[in-house]
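When we follow numbering that gives the first Met the number 0, the leftmost residue of the sequence shown carries the number 0, and every step to the right adds one.
We treat Cβ as the ideally placed atom computed from N, Cα and C, and that holds for glycine.
Fair warning: this is a prediction, and the values are worked out from it, not measured in the lab.
Report on one structure; see the data block that follows.
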Amino acid sequence: MNTSLKRIQSIIGYSDDMVYAERLEQLRKADAIEYISLRPIETARRRLRVNTSKGRECAIALPRNVDLRDGAILLLEDNLAIVVQLQERKWLRLKPKNQAAALELGYHCGNLHWKVEFDHPELRIAIEGEESSYLARISNFLEDNRVYKVEE
């Protein structure tokens, strides 16, 4: 395997585009697709230095207007493709006791700039580190039973 540094400055397309489906399938059968595994938070970065699933080093420098997401094709050559695989996002699931608690929790999460999703009646917080640090920041909500942690 050629382990020379690959410099990537654009996204060619996305693996779910039909334009690339046949070519990617040929490369997959030839075991010629290498994957870059990224955490969801890393997709916001424009400059990354990472290794592919086969150890190839890549230096990624993308323009700000580029959408780096799961399935992004970073390289497509005759005998090699490099594709982004997004790791599954982890969520802290919370259920407020009532509407007042929901409003207060939502306000608190907003002040902390946490990425959240609403799945009535739950509020889901995207975990970008240790869950314990998130729980510590909402401990007062949990201790007085205004909010309950939903177990998987």
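Counting along the chain, the unbroken alpha helix (DSSP H) around residue 134 starts and ends at 130-136.
With a beta-carbon spacing of about 17 angstroms, residue 74 and residue 42 fall beyond the 8 angstroms limit used to define contacts. About 5 angstroms separates the beta carbons of residue 60 and residue 46, which is inside the 8 angstroms limit, making them a contact pair.
The straight-line gap separating the alpha-carbon atoms of residue 79 and residue 26 is approximately 7 angstroms. By DSSP's assignment, residue 145 forms no beta bridge with any residue. Distances from the CA of residue 123 to each of 37, 58, 147 and 50 were compared; the closest alpha carbon is that of 147.
The Cβ atoms of residue 133 and residue 85 lie no closer than 7 angstroms to each other. For residue 34, the number of other beta carbons within 10 angstroms of its own is below 16, and it is reported as exposed. Comparing C-alpha distances from residue 77 to each of 111, 31 and 40 shows the shortest one belongs to 31. In this structure, residue 145 sits near residue 100, with a CB-CB distance shorter than 7 angstroms.
By the Cβ-count criterion, residue 18 is exposed, with fewer than 16 other Cβ atoms from all chains shown falling within 10 Å of its own Cβ. DSSP places residue 40 in the helix class (H, G or I) of the three-state scheme. Taking all protein chains in view, the Cβ of residue 140 is crowded by 16 or more other Cβ atoms within 10 Å, so the residue is classified as buried. Put simply, the backbone Cα of residue 120 is about 42 angstroms away from that of residue 57.
By the neighbour-count criterion, in which 16 or more other beta carbons inside 10 Å mark a residue as buried, residue 37 falls on the buried side.
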